[in-house]
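*Asks:* Please see the structure below; I have some questions.
There are 4 protein chains.
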Amino acid sequence: MQKPDAVKRERILRVAARLFAHRPYHGVTLGDVAAGARVGKGTLYVYFRSKEALFGAILDEAFVRVVDDIEASLIGASGGAWERLEIVVRGLVKFGGAYPAMFRLMRAGVDVSGPIKRRARTRLLDLVERVVGEGVRAGELREQRADLAAGCIVSCVRGAMLFGPEGLPEREIVGHVLGMLRSGVVRGSGAAPPRRKP
Amino acid sequence: MQKPDAVKRERILRVAARLFAHRPYHGVTLGDVAAGARVGKGTLYVYFRSKEALFGAILDEAFVRVVDDIEASLIGASGGAWERLEIVVRGLVKFGGAYPAMFRLMRAGVDVSGPIKRRARTRLLDLVERVVGEGVRAGELREQRADLAAGCIVSCVRGAMLFGPEGLPEREIVGHVLGMLRSGVVRGSGAAPPRRKP
Amino acid sequence: MQKPDAVKRERILRVAARLFAHRPYHGVTLGDVAAGARVGKGTLYVYFRSKEALFGAILDEAFVRVVDDIEASLIGASGGAWERLEIVVRGLVKFGGAYPAMFRLMRAGVDVSGPIKRRARTRLLDLVERVVGEGVRAGELREQRADLAAGCIVSCVRGAMLFGPEGLPEREIVGHVLGMLRSGVVRGSGAAPPRRKP
Amino acid sequence: MQKPDAVKRERILRVAARLFAHRPYHGVTLGDVAAGARVGKGTLYVYFRSKEALFGAILDEAFVRVVDDIEASLIGASGGAWERLEIVVRGLVKFGGAYPAMFRLMRAGVDVSGPIKRRARTRLLDLVERVVGEGVRAGELREQRADLAAGCIVSCVRGAMLFGPEGLPEREIVGHVLGMLRSGVVRGSGAAPPRRKP
DNA sequence: CATGAATGAGGATTCATTCAT
DNA sequence: AATGAATGAATCCTCATTCAT
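Sequence order for the protein chains is A, B, C and D. Using the numbering used here, the first residue of the first sequence is number -7, and each one after it goes up by one. Using the numbering used here, the first residue of the second sequence is number -7, and each one after it goes up by one. Using the numbering used here, the first residue of the third sequence is number -7, and each one after it goes up by one. Using the numbering used here, the first residue of the fourth sequence is number -7, and each one after it goes up by one.
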């Protein structure tokens, strides 16, 4: 008797993630997934309750990875709020590069029942919000709504990677986003707007 | 007054836009659209070649509206680059508020065959890129990659509106995004970052 | 534009009834039904909400027919309770012969959600129970539980038709069941048959 | 004590019988049976060649039991034909009460390939037919077609138990069926119960 | 023997599209 | 032009059966 094969589960997950990354939810058939993972269609149901559950698992695992990765990097970092934000952005970009699926999967569609996606997305947004919030409380960042800022920051990276020119090296994306971000949120930075409402 | 045909076409578009805004492409059936617009299913094919064409038309018309609206506002504006950027952001937020469908429809998925969406999206990104670029060339904005910046800015607004807390007044969103944006991109603004830019 | 075609609906119903009569619920595929009725599979869904609804409709219509038929015969009948019972049995047998499907469909399986079948079956059982009950109240029949008797009588006819030797003429079945019903099987017990056994 | 194998086989049969009694053939999965019997799905195939074979075994064993039980009771009984019929009816009712599955399993559907069921059912019908036939030959019962009568009698009991009011005590069912059987339903017809409970 | 992971044929159902009216 | 009945391809999912362990 065989035991549930973690390797096989992983293979299914990987194949499915790649497919979902390039086609919308309903554009991916379980036949595609099964064929891609070289398993029978029925086998998918041994590891996932339904197509939706499979999709949810992909999102969940991906988000868990980003969040875990970023949090691990944060542990070793100095306490500087800006430095921590840099780590966050770098983590997001690195992840977007390694798993191009990610940011596409994050589309705001209501593809699958809300809870699944909200939960997955929330995990990441919470992390960013926390980092921003701590920076604010520490007096290093100027920002009144950490929640709004979190959405902006993640979206910003997402926008740069999805809509920016293809093939841009990650370093450049990181640099650009940080550039925009830095002088925006660091206290004491903003000069008076040049000619604001004369 | 318009010809009855145009009215019906408009009704179909409006209903379909509302539906596509709340459900993913494949979650909307032409039956839903027909019922919502109080026309027969066959009638849809009098006005649109296919479901995909209908979806494309929605995107196109919506983007045409934002772009037209923003460009109209820009015409009367003073030449200041920042002021022009303010107009752009305000236009985006106002539009996102008036047509919540919009930003959802912009999901990065490859819901429908690429060209349609790229074309539609491009129109908006081009506008923003142009405004940023002009500002840079005029020496008022600091920004090396106007294309990247355009993606960031639009995404930023989108992120704030889609993922931020619900029911936030538009003014606050505008203020927040502009706040982040201003001191970031306006020349001469950035104070020395805590430990950066030695 | 075509209107819902009553003839087509009838054809589907007839074909499906024949199939369900010879194979159990799950042994009949909608593909079979569609092919048999020479319509597309999708067409079935124009006329019936689901397979289960189709099955329910068959039962309902069949029961409506028996019950209507029997009730019509009862109207013209003299008031004699036994005569009325004869009419009932004759109606049941005639129906079983004309629609062999009927008694098979009545299998007590829980094939489809109870309500549908119970409702359909109830209509017939109620009729029989009513006739028996009236006879008892009129003092012509002896029977304490009209409800039990109704189940017995219908089952009896069913048993005779389904399990008895094939090809037996209806007249003989009617005669036999009525014989048992009227005066039982014990010799010397029965009252003189009202107008039978000359 | 039996060998462990026999115990397991018995457990499977018992569980399966209960399931088949409440759901139609295709509504019972081997997964259900395996889970209910606390064995692996593969184990079922050690004891039964297929699902159909399992179903057939249930029917066979059940029928063997009724028939054996009734025949055992008949052995000790006096030779009176009516008394023997009473024993048959009592046996049927008792069995229907103890194994509610039975009468449900006897659905006339062609659930599984005919031979299996016909064989099983035949065993019971033959017994009843034999008893009736002997009574007729002995001049105690009046009945021209013992085969038809057998179907009627078994069906009658089945109908009373399946369609009659729930929870009716067995004694009442027996009494009712015997009442109808003995002297029919027409008032004044029936002789006093021959020798009922002297 | 026992097991349960693996399989793929098969089935109900949906829906974009066509077409007769 | 307008309609909605008709269609069948396509999809998710179930489940009896097999087989490696």
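Positions of the beta carbon are idealized from the N, C-alpha and C atoms, including for glycine. Predicted model only: the values in this text are computed from it and were never measured.
(1) Are the C-beta atoms of V146/B and some chain A residue less than 8 Å apart?
(2) Note down, in chain order, all residues in the region 113 to 141 of chain C with a beta-carbon under 9 Å from any beta-carbon belonging to chain D.
(3) Quick one: which chain B residues come within Cβ less than 7 Å of R150/A?
(4) Suppose only complete runs of 3+ residues qualify. What are the beta strand (DSSP E) ranges in the region 2 to 79 of chain B, listed by chain order?
(5) Against chain A, which members of the region 51 to 78 of chain B pass a CB distance test of less than 9 Å?
(6) Counting C-beta neighbours from all protein chains within 10 Å, is the total for H168/C 16 or more, i.e. buried, or is it exposed?
(7) Near L133/D, what residues of its chain come up, given a Cβ to Cβ distance below 7 Å and the 5 sequence neighbours on each side ignored?
(8) Is the distance from the Cβ of R150/A to the Cβ of F87/A below 8 Å?
(9) Closer than 8 Å, CB to CB, is G143/B near chain A or not?
(10) Using the Cβ count rule (16 or more neighbours within 10 Å means buried), how would you classify R30/C?
(11) Report back the beta-carbon spacing between A152/A and L140/B to the nearest angstrom; my notes put them in contact at under 8 Å.
(12) What is the residue span of the alpha helix (DSSP H) that E162/C lies within?
(13) Does any residue of chain B bring its CB to less than 8 Å from the CB of G28/A?
(14) Are the region 60 to 69 of chain C and the region 42 to 50 of chain C touching, with three or more C-beta to C-beta distances below 8 Å?
(15) Kindly examine the ligand GDP and report whether one of its heavy atoms sits closer than 7 Å to the Cβ of F155/A.
(16) How long is the line joining the alpha carbons of R241/B and A9/B, rounded to whole angstroms?
(17) Does any CB atom of chain A fall closer than 8 Å to the CB of P190/B?
(18) Checking contacts by CB at 8 Å: is A183/A closer than that to chain B?
(19) Which term fits E195/C, buried or exposed, when burial requires 16 or more other beta carbons within 10 angstroms of its beta carbon?
(20) So with Cβ pairs under 8 Å, would you call F155/B a contact of chain A?
(21) Out of H18/A, R6/A, G19/A, which has the shortest C-alpha to C-alpha gap to G28/A?
(22) For chain A, find out if any of its Cβ atoms is closer than 8 Å to the Cβ of G175/B; answer yes or no.
(23) Please tell me whether L191/C and G143/C are closer than 8 Å, where the distance is taken between their beta carbons.
(24) Which stretch, first to last residue, makes up the alpha helix (DSSP H) that contains A130/D?
(25) DSSP has V178/D in a bridge; who is on the other side?
(26) At a CB-CB cut-off below 9 Å, which residues of chain C make contact with V169/D?
(27) Based on Cα-Cα distance, which residue from V81/C, E158/C, G159/C lies nearest to E121/C?
(28) Find out if the Cβ-Cβ distance for the pair F155/C, S147/D is shorter than 8 Å.
(29) Can you check whether the C-beta of P161/B is within less than 8 Å of a C-beta belonging to chain A?
(30) Out of E75/A, R174/A, L119/A, which one is the CA nearest neighbour of R57/A?
(31) Which chain B residues are close to Y17/A, counting only those with a beta carbon under 7 Å from its beta carbon?
(32) Here's a check: name, in chain order, each residue in its chain whose Cβ is nearer than 7 Å to the Cβ of G89/D, leaving out the five neighbours to either side.
(33) Looking only at its own chain, which residues have a Cβ that is under 7 Å from the Cβ of V20/C, when we skip the five neighbours before and after it?
*Replies:* Let me spell this out:
(1) Taking the second sequence and counting its residues from 1, one reaches residue 146/B at position 154. Yes, V146/B counts as interfacial toward chain A.
(2) Answer set for the region 113 to 141 of chain C: R113, L117, V124, G127, V128, G131, E132, L133, R134, E135, Q136, R137, D139, L140, A141.
(3) In the first sequence, residue 150/A corresponds to position 158, counting from 1. Residues of chain B passing the Cβ test: S147.
(4) Runs of beta strand (DSSP E) with 3 or more residues, each lying fully within the region 2 to 79 of chain B, are absent.
(5) Residues of the region 51 to 78 of chain B with a C-beta less than 9 Å from any C-beta of chain A: S70, G72, A73, W74, E75, E78, listed in chain order.
(6) The count along the third sequence starts at 1 and reaches residue 168/C at position 176. By the neighbour-count rule (16 or more Cβ atoms within 10 Å), H168/C is buried.
(7) One-based indexing of the fourth sequence puts residue 133/D at position 141. The residues are A73, V124, G127.
(8) For the purposes of this step, residue 150/A is taken as residue 158 along the first sequence, with counting starting at 1. For the purposes of this step, residue 87/A is taken as residue 95 along the first sequence, with counting starting at 1. Cβ atoms of R150/A and F87/A: not closer than 8 Å.
(9) Within the second sequence, numbered from 1, the residue matching residue 143/B stands at position 151. Yes, G143/B counts as interfacial toward chain A.
(10) Working through the third sequence from its first residue, we reach residue 30/C at position 38. Exposed.
(11) Numbered from 1 along the first sequence, position 160 holds the residue referred to as residue 152/A. Numbered from 1 along the second sequence, position 148 holds the residue referred to as residue 140/B. The C-beta distance from A152/A to L140/B rounds to 6 Å, short enough to meet the 8 Å contact threshold.
(12) Locating residue 162/C in the third sequence gives position 170, counting from the first residue. Its alpha helix (DSSP H) spans residues 162 to 175.
(13) Along the first sequence, one-based indexing puts residue 28/A at 36. Among the residues facing chain B, G28/A is not included, as its CB has no counterpart in that chain under 8 Å away.
(14) No: fewer than three Cβ pairs fall under 8 Å.
(15) As for the ligand GDP, it is missing from this structure, which has no ligand bound.
(16) Because chain B in this structure spans residues -7 to 190, residue 241/B falls outside the shown range and cannot be described.
(17) In the second sequence, residue 190/B corresponds to position 198, counting from 1. Any answer about P190/B is weak, because its pLDDT of 35 lies below 50 and its placement is not dependable; what the coordinates show is given next. Taking 8 Å as the threshold, the shortest C-beta distance from P190/B to chain A does not fall below it.
(18) Here residue 183/A refers to the residue found at position 191 when the first sequence is read from its first residue. Summary for A183/A: the model assigns pLDDT 39, below 50, so the residue's position carries little reliability; its value from the coordinates is reported in the next sentence. Proximity of A183/A to chain B, defined by a Cβ-Cβ separation below 8 Å, is satisfied.
(19) Past the edges of chain C, shown from -7 to 190, lies residue 195/C, and the structure says nothing about it.
(20) Counting from 1 along the second sequence, the entry for residue 155/B is found at position 163. F155/B counts as touching chain A.
(21) Your numbering for residue 28/A matches position 36 in the first sequence. That would be R6/A, whose Cα lies nearest to the Cα of G28/A.
(22) If you number the second sequence from 1, residue 175/B lands on position 183. Per the sequence shown, the amino acid found at residue 175/B is Ser instead of Gly. Yes, contact with chain A.
(23) The requested residue 191/C does not occur in the structure, where chain C is confined to residues -7 to 190.
(24) As a first step, residue 130/D is located in the fourth sequence; it is residue number 138 there, counting from the start. Run containing A130/D: none; DSSP gives neither H nor E here.
(25) Position 186 of the fourth sequence holds residue 178/D. In the DSSP assignment, V178/D forms a beta bridge with L133/C.
(26) Taking the fourth sequence and counting its residues from 1, the one referred to as residue 169/D is at position 177. Chain order gives the chain C residues near V169/D as L140, C144, where near means a beta carbon separation below 9 Å.
(27) Residue numbering aside, residue 121/C sits at position 129 when the third sequence is read from its first letter. The shortest C-alpha separation from E121/C is found at V81/C.
(28) The count along the third sequence starts at 1 and reaches residue 155/C at position 163. The count along the fourth sequence starts at 1 and reaches residue 147/D at position 155. Yes, the Cβ-Cβ distance between F155/C and S147/D is below 8 Å.
(29) As a position in the second sequence, residue 161/B is number 169, starting the count at 1. False, the Cβ-Cβ gap to chain A never drops below 8 Å.
(30) Locating residue 57/A in the first sequence gives position 65, where the first residue counts as 1. Of the listed residues, the one whose Cα sits closest to R57/A is L119/A.
(31) Start at 1 with the first residue of the first sequence, and residue 17/A comes out as number 25. Contact of Y17/A with chain B by beta-carbon distance below 7 Å involves P16.
(32) As a working mapping, residue 89/D is identified with position 97 in the fourth sequence. The residues are E162.
(33) By 1-based counting over the third sequence, the position of residue 20/C is 28. For V20/C, the CB contacts under 7 Å within the same chain, skipping 5 residues up- and downstream, are L11, F12 in chain order.
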